[in-house]
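Asks: Residue numbers (this note's numbering), protein chains in the order written: chain A, 93 to 186; chain B, 777 to 1252. Every residue gets a Cβ at the ideal spot worked out from N, C-alpha and C, and that includes glycine. Below is one structure. I have some questions about it.
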């Protein structure tokens, strides 16, 4: 069942900061939603294949030919911080 | 030309082609209306009409849900985390429609990343329902639906993951169609749940939906590996009776949990269908009651994966933080709204080590059973019919406290989404909400086999003519 530690663990996996109040709220809300979701545990699905794709399609292959990509400056224009023609981020060790 | 607003999009396109209407004047008429939008339906409006050209859609302007990327034009998917983002490229479907003569009029408000059934989860604030501004327009394509209903756009496109075209269409009294999965390219649509997301038309009437959809489908898009060649063009609907049409009514989706007013309107429409010559019989979709649970595993799972790309590095909002991990975590906390955070958490949980089989694996098996149920129904019936939404438009704020109460709005629309089949909603009357008050629009939903869009539109057209729904009151 969902408890505080589970929420904190999942939040870390999801790279999501949560305040103490938000953690508490999430415990209750996720628990409530999962209770409804767990009804599918009662179904007998032993012999059923999981859906992988809803319409039948073959492999979508294309020739492996180099194509032009978006210009670097256009892509970098949307970034919050740029340095040396690349995306700038804070140091992992700061 | 006066009366431009009274023309449907198809009529306007025809009037332009025959020289009776001027495309520049039409664009300006709608541009002015969109710019003065009293419903918070738009997030951005074009400032001038494109140069006129001879195209099949005549230049009838199009409102486009915010989540479609449009080069140089704000595209935020209703989220703060994409604040200020102007993509360097345009979604295939928007480009196809512009080439066919439906140029971009504006971008429309939506629930953040298309997660919601009320349009209240938007960084731009809620959209108001033109039938009653104290009520929600539905979601997530609420801006597109409200804009079309109120005559702030001739037509619009939105996306449907679990009902996000059909439900707001129902709540606003317009037509909305979710095509077969793969029929419309998803390239340039900011993804929510990739195995379910599908773009489609929101229009004043069935003929407009057919015309717009004709130019959305076609050859598969090399930029979307899941897109398919659509078999044949979408036909112009013309049926006036329903002789030979077999409609199946699933008991699981036409009883419990639906407002009495919605049920009465549904029963009256079934009676009308019989009068038009259709056979109407009950059918079974035994796994449909489990669709909502499966959907709320699969959609959050896919969303948690898709939304991993929003990390403050390449675009949009970044929170101040000293180190990289804190920057990621704070950016995602501050940039995502409450519902998106909840779904990212839910999706991450169901995919996390030790839980995958119990949730995701089982949900994908339930999905197979739901598709099998529909396949069995289509061996006896042309279409399965049910209400689109269990309720008429509810008051702003009414369902925000309980996430599952909001999710329950989707229980009639998610089964077709999980099966990947086409489904559409047409307005079939007005009904008072359970607490009394002004009557509000109700939607009638048809679901058909994959690629049955032309027949479905034809069937819907016959019903529409007989229903005679009049939405003019809210186009003021």
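Return the bridge partner residues of residue 974 of chain B from the DSSP annotation.
Replies: Per DSSP, B:936.
Asks: Output yes if chain B places a C-beta closer than 8 angstroms to the C-beta of residue 183 of chain A; else output no.
Replies: It does; some Cβ of chain B falls within 8 angstroms.
Asks: Assuming residue 888 of chain B and residue 874 of chain B make a contact with CB atoms under 8 angstroms, what is their CB distance in whole Å?
Replies: No, residue 888 of chain B and residue 874 of chain B are not in contact; Cβ-Cβ is about 26 angstroms, not under 8 angstroms.
Asks: Spatial neighbours of residue 1018 of chain B within its chain, please: C-beta separation below 7 angstroms, excluding the five flanking residues on both sides.
Replies: The residues are 1049, 1052, 1053, 1054, 1235, 1238.
Asks: Pull up the distance between the alpha-carbon of residue 133 of chain A and that of residue 1076 of chain B, whole angstroms please.
Replies: Looking at the two C-alpha atoms, the distance is approximately 18 angstroms.
Asks: Any contact of the region 1227-1234 of chain B with the region 1001-1013 of chain B, i.e. 3+ C-beta pairs under 8 angstroms?
Replies: With the cut-off at 8 angstroms, the region 1227-1234 of chain B and the region 1001-1013 of chain B touch.
Asks: Taking the runs of the beta strand (DSSP E) that are 3 residues or longer, which of them lie wholly in the region 800-844 of chain B?
Replies: Counting whole runs of 3 or more residues, the region 800-844 of chain B contains the beta strand (DSSP E) stretches 818-821, 838-841.
Asks: May I have the straight-line CA-CA distance separating residue 988 of chain B from residue 977 of chain B, to the nearest angstrom?
Replies: Straight-line Cα distance between these residues: approximately 6 angstroms.
Asks: For a cutoff of 8 angstroms on Cβ pairs, would you count residue 1120 of chain B as touching chain A?
Replies: For residue 1120 of chain B, the answer is yes, since a Cβ of chain A falls inside 8 angstroms of its Cβ.
Asks: By the criterion of Cβ-Cβ separation under 8 angstroms, what are the contact partners of residue 105 of chain A in chain B?
Replies: Under the 8 angstroms cutoff, chain B gives 1124, 1128.
Asks: Going by C-alpha distance, which of B:992, B:816, B:1141 is nearest residue 146 of chain A?
Replies: Minimum Cα distance to residue 146 of chain A is reached at B:1141.
Asks: Assign residue 153 of chain A to one of two classes, buried (16 or more other C-beta atoms within 10 Å of its C-beta) or exposed (fewer than that).
Replies: When all chains shown are included, residue 153 of chain A counts as exposed.
Asks: Whose C-beta lies closer than 8 angstroms to the C-beta of residue 792 of chain B among residues of the same chain, with five residues either side of it excluded?
Replies: So the list reads 798, 799, 802, 834, 835, 836, once near-sequence residues are dropped.
Asks: Taking its Cβ as the centre, do 16 or more other Cβ atoms sit within 10 Å of residue 891 of chain B, making it buried, or is it exposed?
Replies: The residue in question, residue 891 of chain B, is buried, as its Cβ has 16 or more Cβ neighbours within 10 Å.
Asks: Name, in chain order, the residues that DSSP records as bridge partners for residue 1059 of chain B.
Replies: According to DSSP, which records beta bridges pairwise, residue 1059 of chain B is partnered with B:1026.
Asks: Give the residues of chain B in contact with residue 172 of chain A, contact being defined as C-beta atoms less than 7 angstroms apart.
Replies: Under the 7 angstroms cutoff, chain B gives 1088, 1094.
Asks: Residue 883 of chain B lies in the beta strand (DSSP E); which residues open and close that run?
Replies: Here the beta strand (DSSP E) through residue 883 of chain B covers 880-884.
Asks: Okay, do the region 98-111 of chain A and the region 1106-1118 of chain B touch, 3+ Cβ pairs below 8 angstroms being the bar?
Replies: With the cut-off at 8 angstroms, the region 98-111 of chain A and the region 1106-1118 of chain B touch.
Asks: So residue 1232 of chain B packs on residue 122 of chain A, CB below 8 angstroms; how close in whole Å?
Replies: Contact flag wrong, Cβ pair sits at about 38 angstroms.
Asks: Which residues mark the beginning and the end of the beta strand (DSSP E) in which residue 1221 of chain B is found?
Replies: Residues 1216-1223.
Asks: Nearest to residue 1173 of chain B by alpha carbon, out of B:872, B:882, B:864, B:896?
Replies: Answer by Cα proximity: B:896.
Asks: Over what stretch of residues does the alpha helix (DSSP H) that includes residue 1111 of chain B continue unbroken?
Replies: Start and end: 1100-1111.
Asks: Distance cutoff 8 angstroms, beta carbons only. Does residue 159 of chain A sit that close to anything in chain B?
Replies: Not an interface residue.
Asks: Under a three-way DSSP split, which group does residue 1202 of chain B fall into?
Replies: The answer is strand: DSSP assigns residue 1202 of chain B an E or B state.
Asks: Looking at chain A, is there any beta carbon in it that lies within less than 8 angstroms of the beta carbon of residue 1103 of chain B?
Replies: Judged by the 8 angstroms Cβ criterion, residue 1103 of chain B is in contact with chain A.
Asks: Tell me where the beta strand (DSSP E) around residue 1161 of chain B begins and ends.
Replies: Note, residue 1161 of chain B: beta strand (DSSP E), 1159-1163.
Asks: Between B:1016, B:959, B:973, which lies nearest to residue 992 of chain B when the distance is taken from Cα to Cα?
Replies: Measuring from the Cα of residue 992 of chain B, the nearest candidate turns out to be B:959.
Asks: Closest Cβ-Cβ distance between residue 123 of chain A and chain B: below 8 angstroms?
Replies: So no, residue 123 of chain A is outside the interface.
Asks: Are the region 918-925 of chain B and the region 1174-1188 of chain B in contact at 8 angstroms, needing three or more beta carbon pairs?
Replies: They do not touch, by the three-pair rule.
Asks: What residues from the region 880-914 of chain B come within 7 angstroms of chain A, judged by C-beta to C-beta, listed N to C?
Replies: For the region 880-914 of chain B, which is checked against every Cβ of chain A, not one residue is closer than 7 angstroms.
Asks: Sort out for me which residues DSSP pairs residue 931 of chain B with in a bridge.
Replies: The partner list for residue 931 of chain B (beta bridge, DSSP) reads B:838, B:979.
Asks: Note the first and the last residue of the continuous beta strand (DSSP E) segment covering residue 1145 of chain B.
Replies: Unbroken run through residue 1145 of chain B is the alpha helix (DSSP H), 1138-1154; no beta strand (DSSP E).
Asks: Using the three-state DSSP reduction, which class does residue 1256 of chain B fall into: helix, strand or coil?
Replies: Past the edges of chain B, shown from 777 to 1252, lies residue 1256 of chain B, and the structure says nothing about it.
Asks: Determine the chain B residues that contact residue 116 of chain A at a beta-carbon separation under 7 angstroms, and present them in chain order.
Replies: In chain order: nothing, as chain B lies at least about 13 angstroms away.
Asks: Against chain B, with Cβ distances strictly below 8 angstroms, would residue 137 of chain A count as a contact?
Replies: True, the Cβ-Cβ gap to chain B drops below 8 angstroms.
Asks: May I ask you to report which of helix, strand or coil DSSP gives residue 118 of chain A?
Replies: In the structure shown, residue 118 of chain A sits in a helix (DSSP, three-state: H, G or I).
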